[in-house]
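The structure appears below as structure tokens.
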Ligand SMILES: [Zn+2]
């Protein structure tokens, strides 16, 4: 169902990564998910190669394009099965250096050995961060604070920023300190956080270079940043172009590959940029729904096949990109 929004005048902008004023129109993207009408132009920067919406919806207007039911507005849900939590504790020790503080059953040990190698490559597991005892973490664009809850259980002091008031309210109900607004407005003390994370957040941010400079400032020297974004360098993006689900037009302003995300991080001052490609998040099923027509489309939407495709999506490689980088220990706080 298409909904009609008040007419919004698009604004033409310079590249938010390198500042170049030269960009070339690539194609027009549409909203296949939330029912926003219209087309949203996608351009490529001539300076750094990043792909972005240009002209774009002004940042002051973008909030009206997010539906009430947007996923980060929903309450947090956690699987509390004991065997799963215990197996997770073993994997968290192995992969991220956390101490195991719960008794672990034989079943959990068997699960960790048998399923651990797959689990530890999946996107939901790769949203964890390496242990810093007594550390403080800031999650930028923290949504409903679900990850902050996970980090708090692991011993972190947690903070979040979020521009969506409904999402922030859910996170605050869970007891998290969440600043409502953009990162720079929060005016955190320099070097305040051991780790700063942006999970599925950077692509929504309209001023990436300024935001990453602020991430660098609030991260302590020697601390780390984790950035997880849809992978515009993937085969899915090349194959499906304007039908690629992860365009999520018009909610995503910027579309990153390892090259453009690496440039953004190094330009802000980060070093030792390491890229990982957790399994999942390729958007296989919604992309095929958008990209097919006729009989094939009906087949893709067919219940059992749709369920199979959604399951397969959790195992698809390279749909998202995770960058981990360090603020140099020698940089001034
Ligand atoms: Zn650029």
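Residue numbers (my numbering): 11 to 343. Positions of the beta carbon are idealized from the N, C-alpha and C atoms, including for glycine. All values reported here derive from a predicted model rather than from experimental measurement.
What's the C-alpha gap between residue 272 and residue 219?
As a working note, residue 272 is residue 262 in the chain shown. As a working note, residue 219 is residue 209 in the chain shown. Going by the C-alpha atoms only, they are around 12 Å apart.
Using the three-state DSSP reduction, which class does residue 307 fall into: helix, strand or coil?
Indexing the chain shown from 1 puts residue 307 at position 297. DSSP, reduced to helix, strand and coil, places residue 307 within a helical segment of the structure shown.
With DSSP as the reference, identify every bridge partner of residue 209, one or two as the case may be.
Along the chain shown, one-based indexing puts residue 209 at 199. 238, per the DSSP bridge assignment.
For the stretch 244–262 against the stretch 215–235, are there 3 or more C-beta pairs whose distance is under 8 Å?
no
When the distance is taken between beta carbons, is residue 47 closer than 8 Å to residue 34?
Residue 34 sits at position 24 when you count from the first residue of the chain shown. Residue 47 sits at position 37 when you count from the first residue of the chain shown. Not in contact: residue 34 and residue 47 (Cβ atoms no closer than 8 Å).
Compute every distance between the C-beta of residue 30 and the non-hydrogen atoms of ligand 1, then say whether any falls below 7 Å.
Within the chain shown, numbered from 1, the residue matching residue 30 stands at position 20. Correct: residue 30 has its Cβ closer than 7 Å to ligand 1.
What does DSSP give as the partner residues of residue 203 in its beta bridges?
As a first step, residue 203 is located in the chain shown; it is residue number 193 there, counting from the start. Looking at the DSSP assignment, residue 203 forms a beta bridge with 229.
With three or more C-beta pairs closer than 8 Å as the rule, is the stretch 22–31 touching the stretch 203–220?
yes
Looking at residue 27 and ligand 1, is the gap between the Cβ and the nearest heavy atom below 7 Å?
On the chain shown, position 17 is the one that residue 27 refers to. Result yes, Cβ under 7 Å from ligand 1.
Pick from 55, 17, 42 that is closest to residue 28, judged by C-alpha positions:
Residue numbering aside, residue 28 sits at position 18 when the chain shown is read from its first letter. Residue 55 is the option with its Cα nearest to residue 28.
If you measure between the beta carbons of residue 236 and residue 139, is that distance less than 8 Å?
Counted from its first residue, the chain shown places residue 236 at position 226. Counted from its first residue, the chain shown places residue 139 at position 129. Cβ distance < 8 Å, so residue 236 and residue 139 count as in contact.
Along the chain, where does the alpha helix (DSSP H) that runs through residue 25 open and close?
Position 15 of the chain shown, counted from the first residue, corresponds to residue 25. Unbroken run through residue 25: none, as it is neither H nor E.
Looking only at its chain, what residues have a beta carbon closer than 6 Å to the beta carbon of residue 83, apart from the 5 residues adjacent to it on each side?
As a working mapping, residue 83 is identified with position 73 in the chain shown. Same-chain partners within the cutoff: 176, 177.
Length of the line joining the Cα atoms of residue 300 and residue 113:
Numbered from its first residue, the chain shown carries residue 300 at position 290. Numbered from its first residue, the chain shown carries residue 113 at position 103. The straight-line gap from Cα to Cα measures roughly 47 Å.
Under the criterion of a Cβ to heavy atom distance below 7 Å, does residue 239 qualify as lining ligand 1?
Taking the chain shown and counting its residues from 1, one reaches residue 239 at position 229. Checking the Cβ of residue 239 against ligand 1 gives no.
Check whether the Cβ of residue 57 lies closer than 7 Å to any heavy atom of ligand 1, and answer yes or no.
Residue 57 sits at position 47 when you count from the first residue of the chain shown. Indeed, a heavy atom of ligand 1 lies less than 7 Å from the Cβ.
Straight-line Cα distance separating residue 223 from residue 277
On the chain shown, position 267 is the one that residue 277 refers to. On the chain shown, position 213 is the one that residue 223 refers to. The straight-line gap from Cα to Cα measures roughly 8 Å.
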